[in-house]
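J.: In my numbering, the protein residues as written are 596 to 881. In this text, a Cβ means the ideal position worked out from N, Cα and C, and glycines have one as well.
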Amino acid sequence: MNTNAPKTHKVRKGVAAVVMNVILIIFSLSCIFPIVWMAYSSLKEKRVFNADIMGLPKNPTLINYIKILSNKDYHLGESMLNSVRTTGLSIILIILFSFIVGYILARVHFKLNRVLYVMFLMGMLIPIHSLLVPIYVVFQRCGINNRWFTLLLPYVSFGLPMGIFLVEGYVKTIPVSLEEAAAIDGSNFTHTLWTIILPICRPILTTVAIIQVFSCWNEFSFALVLIKDVSLQTVPLALTQFKGQFASDYPKQMAAMLITMAPVVVLYFAFSKEIIKGMVSGAVKG
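1) Which whole runs of the alpha helix (DSSP H) in the segment 727-770 are 4 residues long or more, in chain order?
2) So the candidates are Asp824, Leu862, Ile854; which of them puts its Cα closest to the Cα of Thr802?
3) Give the DSSP-derived three-state secondary structure of Lys847 in the structure shown.
4) Note down, one range per segment and in chain order, each alpha helix (DSSP H) of at least 4 residues found wholly within the segment 803-868.
5) Below 8 Å between beta carbons: does that hold for Ala818 and Leu746?
6) Are the beta-carbon atoms of Leu800 and Phe694 separated by less than 8 Å?
7) Tell me whether Ile687 is buried or exposed, calling it buried when 16 or more other Cβ atoms sit within 10 Å of its Cβ.
8) If contacts are defined as beta-carbon pairs under 8 Å, then Thr829 and Ser674 qualify, I think. What distance do you get, rounded to the angstrom?
9) State buried or exposed for Cys811, treating a residue as buried only when at least 16 other CB atoms are found within 10 Å of its CB.
10) Distance, Cα to Cα, Leu700 vs Pro655?
11) For the alpha helix (DSSP H) holding Val643, just list the boundary residues, first then last.
12) Please confirm if the segment 711-731 is in contact with the segment 778-785, defined as three or more CB-CB distances below 8 Å between the two stretches.
13) Tell me where the alpha helix (DSSP H) around Tyr712 begins and ends.
14) Cα-Cα, which of Phe692, Arg742, Phe866, Lys767 is closest to Val825?
15) What do you get for Val882, buried or exposed, if any count of 16 or more other CB atoms within 10 angstroms of its CB means buried?
16) For Leu775, count neighbouring Cβ atoms within 10 angstroms of its own Cβ and tell me buried if that reaches 16, exposed if not.
17) Compute the beta-carbon to beta-carbon distance between Val820 and Val859, rounded to the nearest angstrom, for a pair I have assumed lies under 8 Å.
18) Using the C-alpha atoms, what's the distance from Lys823 back to Thr682?
19) Pick out the complete beta strand (DSSP E) segments inside the segment 619-682, 3 residues or longer, and give them in chain order.
20) With Leu664 and Pro652 assumed to form a contact (beta carbons below 8 Å), what rounded beta-carbon distance in angstroms separates them?
21) Can you tell me whether Gly738 is buried or exposed, with buried defined as 16 or more other CB within 10 angstroms of its CB?
22) Going by DSSP in three states, Leu773 sits in which element: helix, strand or coil?
23) Please report how far the alpha carbon of Glu869 lies from the alpha carbon of Gly758, in whole angstroms.
24) Between which residues of its own chain and Ile730 is the CB-CB distance below 7 Å, once the five residues before and five after are set aside?
25) Decide if Asn616 is buried, meaning its Cβ has at least 16 other Cβ atoms within 10 Å, or exposed.
26) Give a yes or no on whether the C-beta atoms belonging to Tyr888 and Phe628 are separated by under 8 Å.
27) How long is the line joining the alpha carbons of Arg797 and Ile723, rounded to whole angstroms?
28) With a threshold of 6 Å on Cβ separation, who are the neighbours of Val751 within its own chain once the five nearest residues in sequence on each side are excluded?
29) For Ser843, collect the residues of the same chain with a Cβ closer than 8 Å to its Cβ; drop the 5 residues on either side in sequence, then sort them by chain order.
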């Protein structure tokens with residue numbers, strides 16, 4: 596009997612674990628380094644950055660941040676407020692409609708149930724950019740281009756398919772007996788939906804919200820095509836003013852990017868546990 600077999604197996608297992616950890620560490624560093632590079636590059640002056648792109652700043656300065664925050668011509672603060680308003684209202688509408696429609700598709704059985712579900716899922720398969728021109732033409736004819744609410748319509752429309760998909764799968768993991776017990780106790784449909792099912796769905800709704808926050812906050816194409824007024828532009832449009840036709844002020848652009856990234860990054864880390872909880876609690880089960 597070979598007594599060295601268990602030791603050999605442990606050694607191989609240990610080596611495999613070390614290799615896997617090294618690969619994961621390298622992958623993590625490749626994701627973190629660009630943010631670190633942006634952070635210390637934003638502390639350089641333009642001439643210093645052009646002389647040494649990757650090097651650390653020898654004399655760090657906050658001049659880029661001061662110029663951005665003090666210069667009203669950049670409209671960065673106004674753009675962030677526009678993005679907060681548009682993103683916030685979009686998330687509220689997406690969560691509200693995703694929860695109601697997802698619950699109905701999961702619980703209420705009628706003839707067109709699966710047909711409607713498939714139609715919503717097809718929304719995730721449509722290339723968004725292929726609809727830019729048709730949407731622009733329709734909005735132009737309806738006179739709703741370049742308004743404060745213009746971006747709400749495409750953001751909510753393209754955010755609903757994923758939201759409904761996740762909520763519908765999550766609701767199916769909730770025992771029907773819970774709702775039956777509530778009905779026996781005298782709870783009507785509305786009371787059960789909003790006071791029992793809604794709190795249970797909080798993890799998946801938080802997941803939907805965070806995913807859509809990143810999508811709406813960073814969206815550029817629709818904002819570029821549908822918004823022309825500088826006072827209505829969102830963050831992605833505001834960042835384009837730091838890039839010129841023949842030259843760009845990269846340190847200033849990086850400082851602006853870090854300022855605009857801060858709210859969504861803080862939001863993500865604040866609700867990261869809720870996101871993980873929602874995804875592992877049956878969010879993608881059908």
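T.: Straight from the coordinates:
1) As summarised for the segment 727-770, the continuous alpha helix (DSSP H) elements at least 4 residues long and confined to that stretch are 727-737, 747-766, given in chain order.
2) As a working mapping, residue 802 is identified with position 207 in the sequence shown. Relative to the Cα of Thr802, the nearest Cα in the group Asp824, Leu862, Ile854 belongs to Leu862.
3) In the sequence shown, the residue the question calls residue 847 occupies position 252. DSSP, read as helix, strand or coil, puts Lys847 in helix.
4) Taken in chain order, the unbroken stretches of alpha helix (DSSP H) that lie wholly in the segment 803-868 and span 4 residues or more are 816-821, 830-834, 845-865.
5) By 1-based counting over the sequence shown, the position of residue 818 is 223. By 1-based counting over the sequence shown, the position of residue 746 is 151. Yes. Within cutoff.
6) Reading the sequence shown from its first residue, position 205 is the one you call residue 800. Reading the sequence shown from its first residue, position 99 is the one you call residue 694. Closer than 8 Å, so yes.
7) Within the sequence shown, the letter at position 92 stands for residue 687. Exposed: under 16 other Cβ atoms inside 10 Å.
8) Mapped onto the sequence shown, residue 829 falls at position 234. Mapped onto the sequence shown, residue 674 falls at position 79. Their Cβ separation, rounded to whole angstroms, is 6 Å, which keeps Thr829 and Ser674 in contact under 8 Å.
9) Translated into positions along the sequence shown, residue 811 becomes position 216. So Cys811 ends up on the buried side.
10) As a working note, residue 700 is residue 105 in the sequence shown. As a working note, residue 655 is residue 60 in the sequence shown. Rounded to whole angstroms, Leu700 and Pro655 show a C-alpha spacing of 56 Å.
11) In the sequence shown, counting from the first residue as 1, residue 643 sits at position 48. Per DSSP, Val643 is one residue of the alpha helix (DSSP H) stretching across 641-646.
12) The answer is no - the segment 778-785 does not touch the segment 711-731, with fewer than three Cβ pairs under 8 Å.
13) Taking the sequence shown and counting its residues from 1, one reaches residue 712 at position 117. First-last of the alpha helix (DSSP H) with Tyr712: 708-717.
14) Locating residue 825 in the sequence shown gives position 230, where the first residue counts as 1. The shortest C-alpha separation from Val825 is found at Arg742.
15) Outside the displayed span of the chain (596 to 881) sits residue 882, for which this structure offers no information.
16) Along the sequence shown, one-based indexing puts residue 775 at 180. Inspection of the sequence shows that residue 775 is occupied by Glu rather than by Leu. Exposed, since its Cβ has fewer than 16 Cβ neighbours within 10 Å.
17) For this step, residue 820 is matched to residue 225 along the sequence shown. For this step, residue 859 is matched to residue 264 along the sequence shown. With a Cβ gap of about 23 Å, Val820 and Val859 do not count as contacting.
18) Against the sequence shown, residue 682 aligns to sequence position 87. Against the sequence shown, residue 823 aligns to sequence position 228. Rounded to the nearest angstrom, the two C-alpha atoms are 18 Å apart.
19) Complete beta strand (DSSP E) runs here, min 3: none at all.
20) Working through the sequence shown from its first residue, we reach residue 664 at position 69. Working through the sequence shown from its first residue, we reach residue 652 at position 57. Actually they do not touch by this definition, with Cβ atoms about 19 Å apart.
21) Locating residue 738 in the sequence shown gives position 143, counting from the first residue. Around the C-beta of Gly738, fewer than 16 other C-beta atoms lie within 10 Å, and the residue is accordingly described as exposed.
22) Taking the first residue of the sequence shown as position 1, residue 773 is located at position 178. Here Leu773 sits in helix by DSSP.
23) The count along the sequence shown starts at 1 and reaches residue 869 at position 274. The count along the sequence shown starts at 1 and reaches residue 758 at position 163. Pairing Glu869 with Gly758, the inter-Cα distance amounts to about 15 Å.
24) Residue mapping note: residue 730 aligns to position 135 of the sequence shown, counting from 1. Excluding residues up to 5 positions away in sequence, Pro749 lie with their Cβ nearer than 7 Å to the Cβ of Ile730 in the same chain.
25) Taking the first residue of the sequence shown as 1, we reach residue 616 at position 21. With fewer than 16 other CB atoms across the displayed protein chains lying within 10 angstroms of its CB, Asn616 is exposed.
26) Nothing can be reported for residue 888, as the shown portion of the chain is limited to 596 through 881.
27) For the purposes of this step, residue 797 is taken as the residue at position 202 of the sequence shown. For the purposes of this step, residue 723 is taken as the residue at position 128 of the sequence shown. Roughly 28 Å separates the two Cα atoms.
28) Here the question's residue 751 lines up with position 156 in the sequence shown. Scanning its chain for C-beta atoms nearer than 6 Å, with the 5 sequence neighbours on each side dropped, one finds around Val751 the residues Ser685, Leu688, Ile689, in chain order.
29) Working through the sequence shown from its first residue, we reach residue 843 at position 248. The residues are Phe837.
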